[in-house]
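Start counting the sequence shown at 2; every next residue gets the next number (our numbering).
This report concerns only the one structure given below.
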Amino acid sequence: MINWQAEKAAEILKKTVKITVIVCDNYSVHKSKEVKKNLERWRKKGWEFFFISALSPELNLIETEWEELKTYELSGRMFEDEDD
Numbered sequence: 002m003i004n005w006q007a008e009k010a011a012e013i014l015k016k017t018v019k020i021t022v023i024v025c026d027n028y029s030v031h032k033s034k035e036v037k038k039n040l041e042r043w044r045k046k047g048w049e050f051f052f053i054s055a056l057s058p059e060l061n062l063i064e065t066e067w068e069e070l071k072t073y074e075l076s077g078r079m080f081e082d083e084d085d
């Protein structure tokens, strides 16, 4: 699936000389009616959406980064407010 999406993005890049790639995981907002309603319009603007499989969170780099932050940087810390 990833290869297919990469090939599709490469084709768009050849046609438009620029591309915006938006990686979506299974967060409910990414699958909302509002997003689905606008997908085609956004694609016409050169935005490409890659939907990552629910069974492959490791493909979403932010998930790995967030896990490291929670485990090593924030573990056991208390904060007075959101600015700490």
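We put the CB at the ideal spot given by N, CA and C, even for glycine.
Fair warning: this is a prediction, and the values are worked out from it, not measured in the lab.
- A straight line joining the alpha-carbon of Val-18 with that of Ser-33 spans about 30 Å.
- A Cβ-Cβ distance of about 6 Å is found for the pair Ala-10 and Val-22, placing them in contact under the 8 Å criterion.
- In terms of Cα proximity to Trp-48, the closest of Trp-5, Leu-14 and Glu-8 is Leu-14.
- Cβ neighbours of Asp-84 within its own chain (closer than 6 Å, five residues either side excluded): none.
- Three or more pairs of CB atoms, one per stretch, sit closer than 8 Å, so the region 24-40 contacts the region 53-71.
- For Ile-23, the three-state secondary structure derived from DSSP is strand.
- C-alpha of Thr-65 to C-alpha of Phe-50: approximately 20 Å in a straight line.
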